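Undergrad: Can you keep this structure in mind? I'll have questions shortly.
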Amino acid sequence: MKLLAYLLTGIVFGIALTKGEAVTWYRMQEMFHFQGFHMYGIFMTAVPTAALGVWLLRRFGKTADGEAVAFPPKQFSKGTVIGSLLFGFGWALTGACPGPFYAQIGAGLSVTLVTFAFAVLGTWAYGHLQKYLPA
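With this note's numbering applied, the sequence shown corresponds to residues 651 to 785, in that order.
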């Protein structure tokens, strides 16, 4: 049953991204060139929504299913900065980050399969190289 809920949530998320035009390469380029407000408006809605969700999780200390939630403090890491830069460069070049590229594939933008393939390759490489990366 949980799998069905996750599937339906993903479908609704994909439809929302598509209808909100958050899956078009042109919208991404518009954002990165500071030529349009559209994507910034989406982010300015998403950030407070996520902040509210995190606040509720911290406030009640458990999920809707009753599972305990912990937010352990994390140390600063150079790897986070390096990973963020790689993520940003990839996003700017392809017009997709992990959420929207599933919606792009679902919308029939087959060129996104290349982005997906490299995301999988990058994940695989990270898994194998993690022990050699700075902490």
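C-beta: ideal position from N, C-alpha, C; glycine also.
The structure displayed is predicted, hence computed values, not measured ones.
Applying the 10 Å Cβ sphere with the 16-neighbour rule, what's the burial state of residue 746?
TA: By the neighbour-count rule (16 or more Cβ atoms within 10 Å), residue 746 is buried.
Undergrad: Helix, strand or coil, according to DSSP, for residue 655 in the structure here?
TA: In this structure, residue 655 counts as helix in the three-state DSSP scheme.
Undergrad: Quick check for students: name the residue ranges of the alpha helix (DSSP H) that lie wholly in the stretch 704–758, counting only runs of 4 or more.
TA: Complete alpha helix (DSSP H) runs here, min 4: 728–744, 748–756.
Undergrad: How far does the alpha helix (DSSP H) with residue 671 in it extend, from its first residue to its last?
TA: Careful: residue 671 lies outside any alpha helix (DSSP H) and carries neither H nor E.
Undergrad: The alpha helix (DSSP H) that contains residue 772, what's its start and end?
TA: Segment 762–779, the alpha helix (DSSP H) holding residue 772.
Undergrad: Could you say if the stretch 677–694 and the stretch 766–785 meet the contact criterion of at least three C-beta pairs nearer than 8 angstroms?
TA: The answer is no - the stretch 766–785 does not touch the stretch 677–694, with fewer than three Cβ pairs under 8 angstroms.
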